[in-house]
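When the count follows the numbering used here, it moves up by one through the sequence shown with no breaks and lands on 917 for the last residue.
Beta carbons: idealized from backbone N, C-alpha and C, even for Gly.
Only a predicted model underlies this, so the values are computations on that prediction, with no experimental measurement involved.
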Amino acid sequence: MAVPSARIGPGATLRHSLAIARRNLIQLRNDPEQLLDAMLMPLVITLIFVYVFGGAIGNGSAEYQQFLIPGIMVQIVTFAARSTGIGLSFDFSNGLMDRFVTLPIARSAVLTGRIVADMCRMLLGLIVMFLFALIMGFRVETDLLSAVAAMALLMLYGMAFCWVSAFIGLTIRNPETVQSIGFLWTLPLQFGSSMFVDPATMPTWLRIFSQINPTTSIVDASRALLTGGPMTGPVLHSLAWTAGLVILFAPLSIVRYRRRAG
């Protein structure tokens with residue numbers, strides 16, 4: 656029988672989380688195709704938007720590229736975060752969670768270990784995208800510290816979305832449905848934001864939605880940190896959204912996991 660998580664201290668919980676994260680990363684190494692949705696798709700979208708739509712949407716491909724790349728980097732963390740819910744759902748469906756329940760590990764370690772592994776995947780996707788953008792001609796117009804701050808902010812935002820995705824994956828029992836829902840719930844957040852176009856060009860109702868959309872906050876913050884512009888407001892809004900999502904969905908996910916694991 657598993658040792659109740661209440662008897663396991665923070666140090667042991669951390670070790671358990673890292674062990675499960677390592678297991679998930681080894682699984683990723685053995686199945687590198689899992690990286691495609693977090694890396695290849697954003698690269699393809701970047702090429703399409705910059706070279707096909709850039710001249711029409713922006714004032715030429717080069718200028719639009721400076722606008723687009725920070726948004727694509729937000730898209731990468733969003734895509735990577737979907738894997739948390741999908742992975743948890745598959746682990747339940749193939750019986751792995753039954754094995755975890757019998758082990759003397761903290762219940763929360765199963766979730767945090769999955770999220771740590773997905774954040775490593777997320778970071779790899781951001782690095783690849785950033786190097787690809789530099790090759791395309793994207794330039795950081797601020798400084799190194801601001802660029803590092805943008806990466807850190809993106810990772811925090813991605814971690815918050817991992818908890819949202821975990822809740823979805825633990826609530827819906829069918830892995831294929833989790834995968835479909837994971838795609839659908841992120842679409843309005845991406846296209847109803849400043850990710851691809853200036854919200855000022857949108858209809859009034861969509862512009863109002865974009866103003867309260869957390870994706871707009873993180874895109875604007877990343878864009879300001881990488882290419883310049885007002886950053887205090889967007890950064891604070893992004894941090895507030897990140898904290899709010901974690902405070903709400905982390906406890907909900909842990910409760911859902913405990914109920915489903917039994």
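| Item | Value |
| --- | --- |
| Starting from M806, follow the alpha helix (DSSP H) in both directions and report where the run begins and ends. | L799 to T826 |
| Looking only at C-alpha atoms, which of L900, H671 and L808 sits nearest to A772? | H671 |
| Which one of F722, Q682, L809 and S820 has the shortest CA to CA distance from Y912? | S820 |
| Just mark D875 as buried or exposed, buried being the case when its beta carbon has 16 or more other beta carbons within 10 Å. | buried |
| I need the straight-line Cα distance from Y812 to L698, nearest angstrom please. | 20 angstroms |
| Could you tell me the distance, in whole angstroms, from the CA atom of F864 to the CA atom of N679? | 36 angstroms |
| Do you know offhand how far L891's Cα is from T767's? | 25 angstroms |
| Determine the contact status of A815 and T897, defining contact as a CB-CB distance below 8 angstroms. | yes |
| Return the chain-ordered list of same chain residues with a C-beta closer than 8 angstroms to the C-beta of P659, the five sequence neighbours on each side being excluded. | Residue confidence is low: P659 scores 45 on pLDDT, short of 50, so the model does not pin down where it sits. No coordinate-derived value is stated. |
| What residues in its chain sit with their C-beta under 8 angstroms from that of S716, if we drop five residues either side in the sequence? | V705, Y706, G709 and G710 |
| Does DSSP put M694 in a helix, a strand or coil? | helix |
| Give the single residue among A674, Q834 and V783 whose Cα lies nearest to the Cα of L755. | The question names Leu, yet the displayed sequence has Phe at residue 755. If we check each option's Cα against that of F755, A674 comes out closest. |
| Can you have a look at P906 and say buried or exposed, based on whether 16 or more other CB atoms are within 10 angstroms of its CB? | exposed |
| Could you check whether I727 and I703 sit closer than 8 angstroms to each other, using their CB atoms as the reference points? | no |
| Alpha carbon to alpha carbon, how far is P725 from P889? | 13 angstroms |
| State the Cα-Cα distance for the pair I873 and L808, rounded to the nearest angstrom. | 8 angstroms |
| Would you check if the segment 820-839 and the segment 741-758 touch, i.e. whether three or more CB-CB distances between them fall below 8 angstroms? | yes |
| CB-CB under 7 angstroms to S877, same chain, minus the five flanking residues each way: which ones, in chain order? | P725, M728, V729, A805, L808 and L809 |
| Can you tell me the Cα-Cα spacing of V783 and C775, whole angstroms? | 12 angstroms |
| Using alpha carbons as the reference points, say which of G883, W840 and T668 lies closest to L799. | G883 |
| Going by the beta-carbon positions, is the gap between W840 and V901 smaller than 8 angstroms? | no |
| What did DSSP end up calling P854 once you bin it into helix, strand or coil? | helix |
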